[in-house]
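*Asks:*
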Amino acid sequence: MNTNSNVYTIVYASVMVIIVAFVLAFFSGSLKERQDLNVKLDKKKQILYSLNLDLQDKDPAALYQQYITQELIVNVNGDVVERKGGFDLDIKTELAKKDESSRLLPVYECNIDGETKYIFPLYGAGLWGPIWGYIALNHDKNTVYGVYFSHAGETPGLGAEITSHVFQSQFSNKKIKNTTNDLVSIAIVKPGKTAEGQDYVDGISGGTITSHGVELMLKNTLVNYTNFLNK
Amino acid sequence: MKSLFSAKNKEVIVGPLSLNNPITVQVLGICSALAVTAKLEPAIVMGMSVTIIVAISNVIISLLRNTIPTRIRIIVQLVVVATLVTVVSQFLKAFAYDVSVQLSVYVGLIITNCILMGRLEAFAMSNRPWESFLDGLGNGFGYALILVIVAFFRELLGSGSLLGFHVIPASVYESGYVNNGLMVMPPMALIILAIIIWAHRTKVKQLQDN
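Quick mapping for you: the protein sequence lines, in order, are chains A and B.
Under this note's numbering, the residues of the first sequence are numbered 118 to 348, in order.
Under this note's numbering, the residues of the second sequence are numbered 370 to 579, in order.
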């Protein structure tokens with residue numbers, strides 16, 4: 118057979134593409150369930166990290182069950198819409214809604230040694246791509262208990278340092294409201310500088326834009342929760 | 370059975386480990402070697418993934434080699450590689466999620482790894498499946514070997530750990546030792562790789578130019 122004829126080439130390419138399509142569809146379909154489970158488990162891990170828990174060698178699903186008592190859904194008026202299902206909401210899509218009043222926001226209520234904590238998801242922009250995280254507040258909905266930040270592609274050693282323990286541990290015990298009880302979030306400043314009228318932490322040298330991104334992320338996400346935080 | 374492991378076949382699989390190493394001698398696949406070697410674990414997974422993909426795609430292309438129309442042979446090779454890479458990437462997402470997050474785009478970028486196209490075009494297109502399989506394994510191992518060596522030094526000196534376990538005792542840190550942050554950055558991978566190539570060429574006389 119002439120393997121160089123036009124007809125042969127076209128038929129060969131077509132058959133190949135159809136076979137490949139079937140193979141890929143088969144693998145994608147049969148592995149989907151496991152992949153979704155992994156994504157959910159990873160989300161649970163990230164939420165737990167904001168509670169300063171050591172997850173080494175532990176089952177995150179069991180810890181999540183143990184600590185997280187309710188997955189609330191609240192609206193921008195601060196009312197609890199539902200007491201379950203918050204986990205399935207994606208803060209990214211909710212923040213993208215133009216109509217602010219239609220946003221449904223997840224809040225994770227948890228219990229650590231008898232004390233209630235609230236965890237709020239965060240989403241924003243770094244230098245090269247999205248950054249996200251979780252912030253856990255004490256029962257007063259003001260004092261930070263712990264934070265967790267992650268990123269898609271910040272510069273290693275510079276912006277990517279927002280994931281480091283050194284950076285994240287600074288947030289503990291900072292307050293997100295000022296003395297008159299208004300939500301002001303937490304400023305991230307150049308090491309050595311201070312911020313007026315709000316709590317602040319040191320930014321990352323060489324990671325100024327990412328640090329600023331974290332500051333904006335905290336502010337812009339938490340502002341949606343203002344009414345809930347004041348209740 | 371004897372012919373399966375003839376001297377020539379042995380050379381096919383052992384050659385890429387040293388004399389014909391894809392990274393240090395052919396200088397192929399450098400970009401992924403720099404990107405995934407900050408830690409040992411992703412380097413091992415990347416090495417394994419490339420080995421599996423280059424071996425299987427070599428076999429497939431070798432089986433098809435007499436049917437592939439010459440004019441679209443590169444496209445056929447790419448489709449085979451891309452399919453395998455996608456399947457491996459799906460498997461990693463399902464069974465080794467943490468590692469797949471660390472490797473991020475670099476699993477997908479195996480498609481553009483020069484080692485794959487190089488072996489398919491230079492070897493699989495003109496050799497039988499079994500030899501092609503061995504050639505794929507050999508080149509994959511050669512690639513993985515260098516990745517593991519680079520990652521060993523980068524993780525040890527950059528993070529003080531190996532495979533995530535801290536190996537440098539706390540007393541060393543107390544006496545003033547600090548991890549070399551530069552090791553975590555890509556430039557040091559390039560320098561370590563250059564040192565490996567240097568050492569390799571110094572030791573192996575056949576590789577030296579006159």
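The C-beta atom is built at its ideal place from N, Cα and C for all residues, glycine as well.
The model shown is predicted, which means the values in this text are computed figures rather than measured ones.
Could you give the residue range of the alpha helix (DSSP H) that holds residue 168(A)?
*Replies:* As a first step, residue 168(A) is located in the first sequence; it is residue number 51 there, counting from the start. Per DSSP, residue 168(A) lies in no alpha helix (DSSP H) and is assigned neither H nor E.
*Asks:* Would you please state the rounded distance, in angstroms, between the beta carbons of residue 245(A) and residue 270(A)? I believe it to be under 8 Å.
*Replies:* If you number the first sequence from 1, residue 245(A) lands on position 128. If you number the first sequence from 1, residue 270(A) lands on position 153. With 8 Å as the limit, residue 245(A) and residue 270(A) qualify as a contact, their Cβ atoms being about 5 Å apart.
*Asks:* Starting from the Cα of residue 508(B), find the closest Cα among 448(B), 463(B) and 392(B) and give me that residue.
*Replies:* The sequence position of residue 508(B) within the second sequence is 139, counting from 1. For residue 508(B), the closest of 448(B), 463(B) and 392(B) by C-alpha to C-alpha distance is 392(B).
*Asks:* By DSSP, does residue 294(A) sit in helix, in strand, or in coil?
*Replies:* Here residue 294(A) corresponds to residue number 177 of the first sequence, with the count starting at 1. Three-state DSSP puts residue 294(A) in a strand.
*Asks:* For residue 501(B) versus residue 431(B), is the C-beta spacing smaller than 7 Å?
*Replies:* By 1-based counting over the second sequence, the position of residue 501(B) is 132. By 1-based counting over the second sequence, the position of residue 431(B) is 62. Yes; because the gap between Cβ atoms is below 7 Å, this pair is in contact.
*Asks:* Find the residues of chain A that neighbour residue 445(B), judging by a C-beta separation of less than 7 Å, and give them in chain order.
*Replies:* As a first step, residue 445(B) is located in the second sequence; it is residue number 76 there, counting from the start. In chain order: 133.
*Asks:* If you draw a straight line from the alpha carbon of residue 410(B) to that of residue 199(A), how long is it in whole angstroms?
*Replies:* Counting from 1 along the second sequence, the entry for residue 410(B) is found at position 41. Counting from 1 along the first sequence, the entry for residue 199(A) is found at position 82. Going by the C-alpha atoms only, they are around 42 Å apart.
*Asks:* Determine the burial state of residue 176(A): buried for a count of at least 16 other Cβ atoms within 10 Å of its Cβ, exposed for fewer.
*Replies:* Taking the first residue of the first sequence as position 1, residue 176(A) is located at position 59. By the C-beta density criterion, residue 176(A) is exposed, having fewer than 16 other C-beta atoms within 10 angstroms.
*Asks:* Could you confirm whether any beta carbon from chain B is found closer than 7 Å to the beta carbon of residue 327(A)?
*Replies:* Position 210 of the first sequence, counted from the first residue, corresponds to residue 327(A). Judged by the 7 Å Cβ criterion, residue 327(A) is not in contact with chain B.
*Asks:* Which residues mark the beginning and the end of the alpha helix (DSSP H) in which residue 304(A) is found?
*Replies:* Within the first sequence, residue 304(A) is the residue found at index 187, counting from 1. No alpha helix (DSSP H) holds residue 304(A); the beta strand (DSSP E) holding it covers 304–306.
*Asks:* Need the endpoints of the alpha helix (DSSP H) that residue 516(B) sits in, please.
*Replies:* Reading the second sequence from its first residue, position 147 is the one you call residue 516(B). Its alpha helix (DSSP H) spans residues 498–528.
*Asks:* Within 10 Å of its beta-carbon, does residue 581(B) have 16 or more other beta-carbons around it, so buried, or fewer, so exposed?
*Replies:* What the structure shows of chain B is the stretch from 370 to 579, and residue 581(B) is not part of that stretch, so it cannot be assessed.
*Asks:* Starting from residue 452(B), follow the alpha helix (DSSP H) in both directions and report where the run begins and ends.
*Replies:* Here residue 452(B) refers to the residue found at position 83 when the second sequence is read from its first residue. From DSSP, the alpha helix (DSSP H) with residue 452(B) extends over 442–464.
*Asks:* What residues match up with residue 187(A) in a beta bridge as DSSP calls it?
*Replies:* As a position in the first sequence, residue 187(A) is number 70, starting the count at 1. Answer by DSSP bridge pairing, in chain order: 226(A).
*Asks:* Measuring CA to CA, which of 443(B), 477(B), 462(B) and 450(B) is closest to residue 404(B)?
*Replies:* The sequence position of residue 404(B) within the second sequence is 35, counting from 1. Per the Cα distances, 477(B).
*Asks:* Quick one: grab the DSSP three-state call for residue 342(A).
*Replies:* Taking the first residue of the first sequence as 1, we reach residue 342(A) at position 225. Note: residue 342(A) maps to helix in three-state DSSP.
*Asks:* Nearest chain A C-beta to residue 498(B) closer than 7 Å, yes or no?
*Replies:* The residue you call residue 498(B) lines up with position 129 of the second sequence. False, the Cβ-Cβ gap to chain A never drops below 7 Å.
*Asks:* Report the rounded CA-to-CA distance for residue 193(A) versus residue 218(A), giving the unit in angstroms.
*Replies:* By one-based count along the first sequence, residue 193(A) stands at place 76. By one-based count along the first sequence, residue 218(A) stands at place 101. Their Cα atoms are separated by approximately 6 Å.
*Asks:* Identify each residue in the stretch 519–541 of chain B for which the Cβ-Cβ distance to at least one residue of chain A is less than 7 Å, and report them in chain order.
*Replies:* none
*Asks:* If you drop the 5 nearest sequence neighbours on each side, which residues of the same chain put their C-beta closer than 6 Å to that of residue 204(A)?
*Replies:* If you number the first sequence from 1, residue 204(A) lands on position 87. Once the five neighbours on either side are set aside, the close Cβ partners of residue 204(A) are 188.
*Asks:* Can you find at least 3 beta carbon pairs, one from the stretch 531–538 of chain B and one from the stretch 444–453 of chain B, that sit closer than 8 Å?
*Replies:* no
*Asks:* Looking at the secondary structure, which residues open and close the alpha helix (DSSP H) in which residue 211(A) lies?
*Replies:* Start at 1 with the first residue of the first sequence, and residue 211(A) comes out as number 94. 208–213 is the span of the alpha helix (DSSP H), which, as asked, contains residue 211(A).
*Asks:* Name the residue from 280(A), 206(A) and 171(A) whose alpha carbon lies nearest to the alpha carbon of residue 157(A).
*Replies:* As a first step, residue 157(A) must be located in the first sequence, where it is residue number 40. Among 280(A), 206(A) and 171(A), the Cα nearest to that of residue 157(A) is on 206(A).
*Asks:* Got a sec, what are the start and stop residues for the alpha helix (DSSP H) residue 237(A) sits in?
*Replies:* Working through the first sequence from its first residue, we reach residue 237(A) at position 120. First-last for residue 237(A): 232–242, but that is the beta strand (DSSP E), not the alpha helix (DSSP H).
*Asks:* Quick check: what's the CA-CA separation for residue 387(B) versus residue 511(B)?
*Replies:* Within the second sequence, numbered from 1, the residue matching residue 387(B) stands at position 18. Within the second sequence, numbered from 1, the residue matching residue 511(B) stands at position 142. If I take the Cα positions, the gap works out to 7 Å.
*Asks:* Using the C-alpha atoms, what's the distance from residue 562(B) back to residue 573(B)?
*Replies:* Taking the second sequence and counting its residues from 1, the one referred to as residue 573(B) is at position 204. Taking the second sequence and counting its residues from 1, the one referred to as residue 562(B) is at position 193. Computed Cα separation, rounded: 16 Å.
*Asks:* With a cut-off of 8 Å on the beta carbons, I'd call residue 278(A) and residue 324(A) a contact; round off their distance for me.
*Replies:* Here residue 278(A) corresponds to residue number 161 of the first sequence, with the count starting at 1. Here residue 324(A) corresponds to residue number 207 of the first sequence, with the count starting at 1. With a Cβ gap of about 6 Å, residue 278(A) and residue 324(A) count as contacting.
*Asks:* With 16 other CB atoms within 10 Å as the buried threshold, where does residue 331(A) fall?
*Replies:* In the first sequence, the residue the question calls residue 331(A) occupies position 214. Answer is buried; the Cβ neighbour count reaches 16.
*Asks:* Leaving out five residues on either side along the sequence, give the residues of the same chain with a beta carbon under 7 Å from the beta carbon of residue 209(A).
*Replies:* For the purposes of this step, residue 209(A) is taken as residue 92 along the first sequence, with counting starting at 1. For residue 209(A), where only same-chain residues beyond five positions count, the Cβ hits under 7 Å are 240.
*Asks:* Residue 541(B): which of 456(B), 526(B), 568(B) and 444(B) sits nearest, CA to CA?
*Replies:* One-based indexing of the second sequence puts residue 541(B) at position 172. The candidate whose alpha carbon is nearest that of residue 541(B) is 526(B).
*Asks:* Under a CB-based cut-off of 7 Å, is residue 554(B) close to chain A?
*Replies:* For the purposes of this step, residue 554(B) is taken as residue 185 along the second sequence, with counting starting at 1. Interface residue, yes.
*Asks:* For the beta strand (DSSP E) holding residue 263(A), just list the boundary residues, first then last.
*Replies:* As a position in the first sequence, residue 263(A) is number 146, starting the count at 1. First-last of the beta strand (DSSP E) with residue 263(A): 261–268.
*Asks:* Which residue's Cα is closest to the Cα of residue 481(B): 423(B), 531(B) and 413(B)?
*Replies:* Taking the first residue of the second sequence as 1, we reach residue 481(B) at position 112. Nearest C-alpha to residue 481(B): 423(B).
*Asks:* Is residue 370(B) close to chain A, meaning its C-beta is less than 7 Å from at least one C-beta of that chain?
*Replies:* Here residue 370(B) corresponds to residue number 1 of the second sequence, with the count starting at 1. Per-residue confidence for residue 370(B) stands at a pLDDT of 47, beneath the threshold of 50, marking its modelled position as unreliable; no derived number is given.
*Asks:* From residue 168(A) to residue 557(B), what distance separates their C-alpha atoms?
*Replies:* Stepping through the first sequence from its first residue, residue 168(A) is reached at position 51. Stepping through the second sequence from its first residue, residue 557(B) is reached at position 188. When the Cα atoms are used, residue 168(A) and residue 557(B) turn out to be separated by approximately 35 Å.
*Asks:* For residue 402(A), which residues of its own chain have a beta-carbon under 8 Å away from its beta-carbon, when the five flanking residues on both sides are left out?
*Replies:* Missing from the structure shown is residue 402(A); chain A here goes from 118 to 348 and no further.
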